[in-house]
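Undergrad:
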């Protein structure tokens with residue numbers, strides 16, 4: 011009964027992990043929605059967000075000692091913004107270099123995937139060369155991330171978990187409203203539904219695609235900052251997180267914004283809740299995640315919420 | 130600044146080029162970031178005078194891109210493409226390749242420094258390594274460019290002659306250095322330089338001979354090859370054999386490089402078998418003369434019978450050469466020369482080069498003998514009936530209908546695959562077997578799934594793992610031993626591994642075939658990870674976890690009647706085994722591609738609904754693709770396990786699955802030669818880059834290369850015939866940028 | 019037309035398709051509503067109706083792409099076959115039962131040659147598997163020869179033999195249409211379903227197409243079920259016509275009768291049946307086919323989008 015007793019703690023862990031997955035998965039889903047392409051290099055956008063925000067945060071707070079507590083929220087906002095800006099600019103460049111050129115040539119679909127894989131290798135290793143290849147980079151300790159702020163049964167809610175979950179929720183609501191209500195959101199949905207018709211209606215397809223990448227990149231970059239705040243990061247951090255986030259996007263129905271959020275949270279919860287069950291063990295975490303994914307896809311071949319971007323909002 | 134200028138395409142392009150040059154500045158160089166200071170590498174790369182070089186490159190790129198339309202007309206001049214290829218080859222040889230086995234990093238610069246500190250070399254050698262090399266390059270480059278651009282026939286001939294001489298000087302200088310230092314040599318620098326200059330010479334002669342425009346390099350090559358089928362390849366073979374007989378080392382233990390004639394003297398009185406003794410004394414020369422004359426004359430005069438005779442004689446010559454090589458190395462080993470333990474050791478490259486030469490001449494004869502006689506007009510007049518009845522195999526899928534250049538390339542490839550590996554260093558032999566060869570086999574298998582059936586499989590390495598572990602189990606290397614009657618040698622495990630992989634392929638395929646493209650991708654990816662994690666930790670420790678099989682998986686053995694072959698640690702042995710496997714698989718798959726199943730795969734890839742409406746049982750056809758691909762992967766797994774002996778789950782990480790997909794697409798998905806070439810190039814490249822860039826940067830360069838390849842040649846190195854159409858597919862003009870993919874794409 | 023037995027006295031095995039009370043819904047939209055029809059062996063039956071009438075939905079129900087919620091569809095594809103239900107069968111199984119079809123928006127295999135396109139259809143019925151193909155066993159070679167031969171023969175019948183080795187994508191529109199018919203014939207169908215074969219073709223091609231359809235019908239003894247907007251073509255080749263409107267069958271009969279049917283005219287002109295009947299009474303020479311030149315009957319390629327398009 012030890013396990014049942016611990017469930018609240020696992021749920022908290024799952025929500026934290028799931029929020030990260032969801033933020034990254036949104037980028038996969040947005041791009042898939044408008045291009046029907048799997049943007050394999052999105053994981054490196056996330057990674058670059060971590061490095062970019064690190065540089066800015068490091069410049070602001072130094073090694074972090076003596077940062078007054080009133081400044082902490084400010085630093086977090088700066089970190090989020092810088093991560094988002096880095097992510098957005100990397101994603102924008104990526105679209106220009108690895109996608110738009112191929113689109114102009116009418117390349118087969120797999121060529122996009124491979125060019126994205128090439129870009130992914132390139133970006134990850136370039137970051138390694140430019141910054142460093144150490145496994146354990148960590149942000150300056152400008153606040154006590156592990157201080158307990160709340161206790162719900164066995165779940166000890168720590169500061170960083172509050173930050174991650176809160177930020178993720180805010181950004182997801184923001185994105186949902188953006189896609190549902192703004193002009194940009196409408197053009198994204200229009201391109202996702204039927205690009206040729208959207209073009210006839212006067213929507214600039216190239217620009218819409220570009221902006222979609224930017225939005226997805228900003229979310230992933232901010233996620234990079236959040237990830238770096240909580241865990242240690244490196245130039246290869248994108249691969250694992252990216253794979254899981256892609257799985258989350260598919261789980262929810264790739265191309266579907268709310269599906270990506272739901273898929274991310276669900277995957278995080280499954281990963282946190284299932285392996286600790288007696289006789290399973292955490293070494294099976296990835297297996298559990300993928301088995302759940304396969305099960306869902308067998309019964310719902312287009313994911314939990316189906317796959318249309320337009321229909322989601 | 131005014132906005133119009135900022136928004137002009139020219140300005141944008143300039144900014145892009147300059148940004149690109151800065152990225153290049155970061156990429157090139159030894160600087161590495163540190164954990165203490167994230168900006169260190171950037172400052173070292175950019176805030177130094179070297180940045181101006183890179184900015185210059187950026188501006189150059191900008192100019193080149195901007196004025197590209199003015200440059201392109203020159204490329205249609207005869208010989209221009211060959212000229213560019215040749216000059217690039219020479220530059221690459223000078224900067225990238227090794228010129229020696231011993232000196233420093235063995236690049237040209239190191240060798241030339243060593244030469245300048247050495248006295249006793251011939252003056253030509255010294256001059257070549259100090260200044261002559263770039264003078265002759267510049268002179269030839271300028272003259273050739275002028276000759277081709279202006280179509281000056283006289284100048285073109287002169288330049289061609291110059292180029293041949295320059296290549297000869299480079300080759301001679303290198304030989305001089307090698308014979309001076311008396312060491313075995315495996316470098317390709319001088320050979321490649323010679324080759325480059327010869328290509329330049331060919332380009333110049335083409336410029337001198339022809340006034341036709343050839344927009345496609347391939348067309349002009351085809352035209353050259355069609356002039357006298359088999360002649361070019363036979364001529365190359367003759368040249369190679371002459372070089373082998375005159376300058377190359379045949380027997381080269383430490384501190385000795387015995388050429389063909391001195392090998393004879395060396396072994397006089399050591400009890401060489403009569404055939405080998407005669408071969409070294411005179412038979413070799415006679416064979417050279419006879420084979421060369423028959424091959425060249427029959428290809429030139431288009432004599433069918435002569436072609437067959439040349440082919441036969443060439444094969445006999447190859448066999449005699451191999452026998453001789455065996456004899457001399459055996460005697461060397463018996464006399465314990467340089468601690469040799471068995472035959473085939475201490476041999477120089479000369480014998481193998483001679484084999485290549487004879488082989489190429491035989492191939493030339495064969496091509497001449499089998500060449501179609503359409504040009505002579507002797508073909509039977511075709512009645513309307515027979516005109517519609519095609520040969521059994523269509524669509525360029527058989528040797529008979531293959532284009533001339535691919536036929537020639539095929540023979541060159543076979544000859545190189547047979548006789549080049551023995552001349553390589555042990556390092557490269559190992560790379561050839563355990564990287565290039567194995568991944569070529571994997572790419573062939575994945576090409577069935579991805580290229581032909583159009584199913585994106587990101588977990589292909591799982592079957593490789595299953596094949597490997599099956600072998601490990603059957604030879605008794607896992608903690609759980611098989612029952613005695615099932616205990617077997619690795620080669621016998623092949624059918625079992627294939628069967629199990631087919632079962633696994635079907636088990637993966639059956640529930641997931643309803644899924645489309647990207648869903649399938651993530652499920653297969655998950656399958657690959659599940660298999661790997663299961664191999665790491667499973668109840669009962671069936672797979673011995675991260676330690677991998679132990680004791681090591683046995684090496685293959687064959688004992689059939691009088692044939693006893695035991696594979697040991699020599700990579701070369703494995704190479705020939707692998708080559709045999711690859712050849713068998715390729716032949717089988719070529720037939721498959723042209724069969725109803727191959728067409729059915731293409732059909733479901735192109736349009737699944739129409740395929741169903743045409744009566745194709747799509748689940749079955751897809752399952753077959755999965756099963757056949759998986760079985761190839763399993764075969765590769767058997768080979769891998771028995772060759773490497775020790776392995777562990779880390780050999781089967783997700784990254785490898787993704788890489789195999791990249792190989793297939795890089796090479797040209799759906800094209801067997803493409804997939805093989807893609808795998809070969811991309812597995813060779815990291816090892817080659819070891820000499821060129823810091824080891825950690827290799828993946829970065831490979832990523833960049835893959836990216837550029839997809840941008841500039843999205844159909845891959847050797848595009849598939851059935852895929853070419855797709856770029857401008859049915860009903861979706863290439864100009865419509867809205868959807869990246871025609872809806873018919875099955876992925 | 020006289021060769022066809024029409025009426026309830028027809029023998030059961032002479033019925034190719036026996037559609038009874040079929041209803042097909044997509045969510046809240048009813049695409050086919052209680053449609054019943056019979057197709058007899060050897061006839062050319064045309065299905066006409068305005069856009070959105072459910073013609074392609076009917077096709078997709080007949081070929082197993084969609085499964086109607088209500089009703090039954092019995093099929094006896096080739097002469098002598100016992101009637102079998104189509105419902106719930108996979109598309110390729112229905113094809114094996116003798117139903118060949120073409121698509122409204124051409125669906126060839128663009129990267130295959132014309133010959134290979136036809137071969138795909140022929141070879142779906144062959145037996146040899148991958149192993150015999152890899153080993154080049156004799157029966158596999160024989161099958162391959164047969165398929166090549168038959169494919170050339172079919173290409174000759176549709177007039178594409180000289181273009182056998184060209185990629186399907188590179189053929190002009192009209193030839194792609196004919197190639198699709200050849201591919202469908204390759205599956206040796208007892209009944210051929212043609213979905214707007216004349217859409218986007220020019221008058222000369224239309225005439226050739228009409229001849230081709232009749233040739234297929236008489237020489238190969240293949241029953242033809244035809245969806246077409248081009249009334250001239252329909253009237254010239256069809257033995258019988260079924261008219262659908264808003265998913266319901268509103269008329270059935272010989273072309274001449276259909277042309278004068280008030281309900282049909284009403285459906286096409288968008289008026290009520292009474293008005294149309296009044297009009298017809300007032301001007302008895304009004305015939306659909308003459309009326310069509312101005313009315314929206316003459317299909318242009320743009321308005322051939324039907325509701326029930328197959329979404330893979």
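Chains as they are written, first to last, in this note's numbering: chain A, 11 to 323; chain B, 130 to 876; chain C, 19 to 330. Heads up, the beta-carbon is just placed ideally off N, CA and C, and yes, glycines get one too. Predicted, not measured: the structure shown is a model, and the values here were computed from it.
List the endpoints of the continuous beta strand (DSSP E) containing residue 269/C.
TA: Residues 266 to 271.
Undergrad: If you compare alpha carbons, which of 722/B, 745/B, 738/B is closest to residue 153/C?
TA: It is 722/B whose Cα lies nearest to the Cα of residue 153/C.
Undergrad: Please confirm whether residue 736/B has its beta-carbon closer than 8 Å to some beta-carbon of chain C.
TA: Chain C, which has a Cβ nearer than 8 Å to the Cβ of residue 736/B, makes this yes.
Undergrad: Is the CB-CB distance between residue 49/C and residue 72/C below 8 Å?
TA: Yes, Cβ-Cβ distance for residue 49/C and residue 72/C is below 8 Å.
Undergrad: Assign residue 304/C to one of three DSSP states: helix, strand, or coil.
TA: Model confidence at residue 304/C stands at a pLDDT of 49, short of 50, so the residue's coordinates are unreliable and nothing is read from them.
Undergrad: Is residue 51/A buried or exposed, if buried means 16 or more other CB atoms sit within 10 Å of its CB?
TA: The residue in question, residue 51/A, is buried, as its Cβ has 16 or more Cβ neighbours within 10 Å.
Undergrad: Would you give the residue range spanned by the alpha helix (DSSP H) that residue 96/C belongs to?
TA: Here residue 96/C belongs to no alpha helix (DSSP H), and DSSP marks it neither H nor E.
Undergrad: Please list, in chain order, the chain B residues whose beta carbon lies closer than 7 Å to that of residue 296/A.
TA: Chain B residues near residue 296/A: 658, 662.
Undergrad: Rounded to a whole number of angstroms, what is the C-alpha to C-alpha distance between residue 312/A and residue 261/A?
TA: Cα-Cα distance, rounded: 8 Å.
Undergrad: Would residue 85/C pass as an interface residue toward chain B - the criterion being a Cβ-Cβ separation below 8 Å?
TA: Closer than 8 Å: no.
Undergrad: Does residue 604/B come out as helix, strand or coil in the three-state DSSP assignment?
TA: Residue state, collapsed to three classes: coil.
Undergrad: Counting only Cβ pairs nearer than 9 Å, list the residues of chain B close to residue 151/C.
TA: The answer, in chain order, is 717, 720, 721, 723, 724, 725, 726, 727.
Undergrad: Under the rule that 16 or more other beta-carbon atoms within 10 Å means buried, what is residue 602/B, buried or exposed?
TA: Flag for residue 602/B reads buried.
Undergrad: Around the Cβ of residue 193/A, are there at least 16 other Cβ atoms within 10 angstroms (buried) or fewer (exposed)?
TA: Answer is exposed; the Cβ neighbour count stays below 16.
Undergrad: For the alpha helix (DSSP H) that residue 813/B lies in, which residues bound it at each end?
TA: Looking at the DSSP string, the run of the alpha helix (DSSP H) that includes residue 813/B is 801 to 818.
Undergrad: Within the same chain, show all residues whose beta-carbon is closer than 6 Å to that of residue 488/B, passing over the 5 residues directly before and after it, in chain order.
TA: Excluding positions up to five away in sequence, the list reads 447, 544.
Undergrad: Pick out whichever of 700/B, 576/B, 692/B has its Cα sitting closest to the Cα of residue 564/B.
TA: Checked all of 700/B, 576/B, 692/B; the closest Cα to residue 564/B is 700/B.
Undergrad: Considering only the beta carbon of each residue, do residue 658/B and residue 296/A sit closer than 8 Å?
TA: Yes. Within cutoff.
Undergrad: Suppose contacts are defined by Cβ-Cβ distances below 8 Å. Is residue 158/C in contact with residue 165/C by that definition?
TA: No; because the gap between Cβ atoms is not below 8 Å, this pair is not in contact.
Undergrad: Flag this pair as yes or no: are the beta carbons of residue 784/B and residue 677/B separated by less than 8 Å?
TA: No.
Undergrad: Taking the alpha carbon of residue 217/A as the reference point, which residue from 66/A, 238/A, 106/A has its own alpha carbon closest?
TA: When each option's Cα is compared against that of residue 217/A, the closest is 106/A.
Undergrad: Kindly say whether residue 188/A, judged by its beta-carbon, lies nearer than 8 Å to any beta-carbon of chain B.
TA: So no, residue 188/A is outside the interface.
Undergrad: Looking only at DSSP bridge pairs, what is residue 2/C linked to?
TA: Given that chain C is displayed from residue 19 to residue 330, the structure contains no residue 2/C and the question cannot be resolved.
Undergrad: List the residues of chain A that residue 835/B touches, going by C-beta distances under 9 Å, in chain order.
TA: Result: 124, 125, 127, 128, 129, 131, 132.
Undergrad: Output the distance between the C-alpha atoms of residue 633/B and residue 141/A, rounded to the nearest integer angstrom.
TA: Residue 633/B and residue 141/A: Cα-Cα distance of roughly 43 Å.
Undergrad: List, in chain order, every chain A residue whose beta-carbon is nearer than 7 Å to that of residue 568/B.
TA: The contacting residues do not exist; residue 568/B stays about 16 Å from chain A at best.
Undergrad: Closer than 8 Å between beta carbons: that is the criterion. Which residues of the stretch 744 to 759 of chain B meet it against chain C?
TA: Here the close residues are 744, 745, 746, 747, 753, 757.
Undergrad: Which runs of the beta strand (DSSP E) fall wholly inside the stretch 106 to 163 of chain C and span at least 3 residues, in chain order?
TA: Correct list: 117 to 119.
Undergrad: Identify each residue in the stretch 130 to 156 of chain A for which the Cβ-Cβ distance to at least one residue of chain B is less than 9 Å, and report them in chain order.
TA: So the close ones are 130, 131, 132, 133, 134, 135, 136, 137, 138, 139, 140, 141, 142, 143, 144, 146, 147.
Undergrad: I'd like to know if residue 843/B contacts chain A, where contact means its C-beta is closer than 8 Å to some C-beta of that chain.
TA: Residue 843/B counts as touching chain A.
Undergrad: Rounded to a whole number of angstroms, what is the C-alpha to C-alpha distance between residue 288/A and residue 14/A?
TA: Residue 288/A and residue 14/A: Cα-Cα distance of roughly 11 Å.
Undergrad: With burial defined as no fewer than 16 other Cβ atoms inside 10 Å of the residue's Cβ, what is the status of residue 162/A: buried or exposed?
TA: Its Cβ having fewer than 16 others within 10 Å, residue 162/A is exposed.
Undergrad: Residues in its own chain within less than 7 Å of residue 605/B by CB, not counting five upstream and five downstream?
TA: So the list reads 611, 616, once near-sequence residues are dropped.
Undergrad: Would you call the CB atoms of residue 304/B and residue 376/B closer than 8 Å?
TA: The answer is yes: Cβ separation under 8 Å.
Undergrad: Just the Cα atoms here: how many angstroms apart are residue 688/B and residue 306/A?
TA: The alpha-carbon atoms of residue 688/B and residue 306/A are separated by roughly 51 Å.
Undergrad: Using the three-state DSSP reduction, which class does residue 821/B fall into: helix, strand or coil?
TA: If DSSP states are grouped into helix, strand and coil, residue 821/B belongs with coil.
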